[in-house]
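>
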Amino acid sequence: MKKISFIGLGNMGYEMALNLAEAKYEVTGYDIVKEKYKKLEANNIKCANSIDEAIRSADVIISMLPDGKIVRYVWNEIVSVLKNKPLAIDCSTIDIENASYFHKLTDERNIKALDAPVSGGVIGAKKATLTFMVGGNEKDYNEAKPIFDVMGNKSVLCGLATSGQAVKICNNMLLAVTMVGVSESFNLAESLKIDLNKLFEVISTSSGSCWAVNNYCPVKDVGPVSPVDNNFKAGFSSKLMHKDLSLAISAAEDNNVKVDFTKQAFNFFSNIIENNNGEKDFSFIKEYLK
Ligand code: NAD
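The following block contains the structure:
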């Protein structure tokens, strides 16, 4: 069984590493915060005190880190101490520029690499139902696929290096904009004294239907249970949505693409964070817009 080194044991990485260990991979974890080490060790995950110790003799190295700057820093450190040529997989959600840097760094050393951001959130990480959006070549993807299959239930090879990040960014900007539209529609219906369950019944099977309504309707007791039914406990936090929108806007600016709705959504989420609601699920946007 392959030896996997897992760097970044936060909300997502912790659950993903546990699933790999449960599938009998030999997992070594590393994080600058050691708070979860005891729990991980109780679940057959070795915990390392340095990057060097964590990656020693790994066949696969997976990183799950907060942002592009940290990914750049950590992978620089990894390649500076690396002695073999493992498969490198970055699952963090980061900007295209730093994703390119990660690929360049590994390419120069003949190290196989994939960018593989995920969707599905902490619940998906825990239940191993994540979707992986993968950028890289087919041979490396095929090598990684059994590992993705342990942590998720779907992986898509989206194209060459950085395509996974590009697809993730494009998906999430659409999610934000559709959630703003859904929120405005339901806020208007509320003012017009419409029964919101009736509105849901119609929209969810009509031309206004979309994931934000059908699976994540931001109205209490309407549609399937979603974070609004749990006082906006994330789910997918407004802070993370704000981060993903900033990645979309910078990619759009670099490529001269007009993304006015995305910019508007970004401003809404900036305000939500300024009002100390950044930890709330992103569907809180409906309350904010009211
Ligand atoms: P998190 O902040 O909970 O975890 C990140 C971990 O990285 C932390 O434990 C932190 O201590 C560690 N870290 C920071 N710098 C480090 C370093 N130099 N070396 C080693 N470890 C370091 O974040 P998360 O929610 O687990 O998200 C991780 C990534 O997944 C992010 O890029 C995020 O955008 C993406 N993502 C998150 C979700 C979600 O719902 N949380 C969903 C999809 C994608």
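According to numbering that gives the first Met the number 0, the sequence shown is numbered sequentially starting from 0.
We treat Cβ as the ideally placed atom computed from N, Cα and C, and that holds for glycine.
Please read these numbers as outputs of a predicted model, since none were measured by experiment.
Tell whether a beta-carbon distance below 8 Å holds between V26 and A16.
Cβ atoms of V26 and A16: closer than 8 Å.
> Residues in the same chain with beta-carbon distance under 6 Å from I110, minus the five sequence neighbours each way, listed in chain order, please.
Closer than 6 Å at Cβ, skipping near neighbours: K84 and A87.
> Could you tell me whether the stretch 190-204 touches the stretch 156-164, where touching means 3 or more Cβ pairs closer than 8 Å?
Too few Cβ pairs lie closer than 8 Å, so no.
> Report whether the distance from the Cβ of S225 to the nearest heavy atom of the ligand NAD is below 7 Å.
Not so, every heavy atom of the ligand NAD lies at least 7 Å from the Cβ.
> Under 7 Å: does the beta carbon of V117 sit that close to some heavy atom of the ligand NAD?
The answer is yes for V117.
> Please work out which residues of its chain come closer than 8 Å, Cβ to Cβ, to S99, disregarding the five sequence neighbours upstream and downstream, and give them in chain order.
Taken in chain order, the residues that qualify are A160 and T161.
> The ligand NAD heavy atoms versus the CB of F235: any closer than 7 Å?
Result yes, Cβ under 7 Å from the ligand NAD.
> Could you work out which residue in D94, A124 and A143 is closest to D58 when comparing CA atoms only?
Taking only the C-alpha atoms, the option nearest D58 is A143.
> Check whether the Cβ of V59 sits closer than 7 Å to any heavy atom of the ligand NAD, and report yes or no.
V59 Cβ: outside cutoff for every heavy atom of the ligand NAD.
> Give me the Cβ distance between S237 and F281, rounded to the nearest whole Å; I'm assuming they're in contact under 8 Å.
Right, the Cβ-Cβ distance comes to about 5 Å (below 8 Å), so this counts as a contact.
> Identify which residue in I44, Y287 and K23 has its Cα closest to the Cα of K33.
Residue I44 is the option with its Cα nearest to K33.
> Which whole-angstrom value describes the C-beta separation of M11 and A124, a residue pair presumed to lie in contact below a C-beta threshold of 8 Å?
With a Cβ gap of about 5 Å, M11 and A124 count as contacting.
> Spatial neighbours of N270 within its chain, please: CB distance less than 8 Å, with the 5 preceding and 5 following residues excluded, ordered by chain position.
So the qualifying residues of the chain are Y287.
> Might you give, ordered along the chain, the residues of its own chain that have their beta carbon closer than 7 Å to the beta carbon of A22, omitting 5 neighbours on each side?
Cβ neighbours of A22 beyond the five flanking positions: V149.
> Pairs of beta-carbons, one from the stretch 170-186 and one from the stretch 230-247, closer than 8 Å: are there three or more?
Cβ pair count under 8 Å is three or more, so yes.
> Does the beta carbon of K36 fall short of 7 Å from some heavy atom of the ligand NAD?
Just to set this straight, residue 36 is Tyr in the shown sequence, not Lys. Answer for Y36: no, Cβ out of range of the ligand NAD.
> Looking at A112: is its Cβ nearer than 8 Å to the Cβ of M132?
No, the pair does not count as a contact, with Cβ atoms beyond the cut-off.
> Rounded to whole angstroms, what is the Cα-Cα separation between E96 and N186?
Computed Cα separation, rounded: 38 Å.
> Could you tell me whether any non-hydrogen atom of the ligand NAD is closer than 7 Å to the CB of N43?
Because no heavy atom of the ligand NAD lies under 7 Å away, the Cβ of N43 does not count as near it: no.
> Short check: CB of I93 to CB of V70, under 8 Å?
Against a cut-off of 8 Å, the Cβ pair of V70 and I93 comes out as a contact.
> For Y100, verify whether its CB is less than 7 Å away from any heavy atom of the ligand NAD.
Every heavy atom of the ligand NAD is 7 Å or more from the Cβ of Y100, so no.
> Quick one, are the C-beta atoms of S2 and S56 less than 8 Å apart?
The sequence shown places Lys at residue 2, rather than the Ser named in the question. Contact: yes.
> What are the boundary residues of the beta strand (DSSP E) that A87 is part of?
Note, A87: beta strand (DSSP E), L86 to D89.
> With DSSP collapsed to three states, give me the class of L113.
DSSP places L113 in strand when its eight states are reduced to three.
> Which runs of the alpha helix (DSSP H), 4 residues or longer, sit entirely within the stretch 136-187?
137-150, all fully within the stretch 136-187.
> What is the DSSP secondary structure of D66, counted as helix, strand or coil?
Three-state DSSP puts D66 in coil, outside helix and strand.
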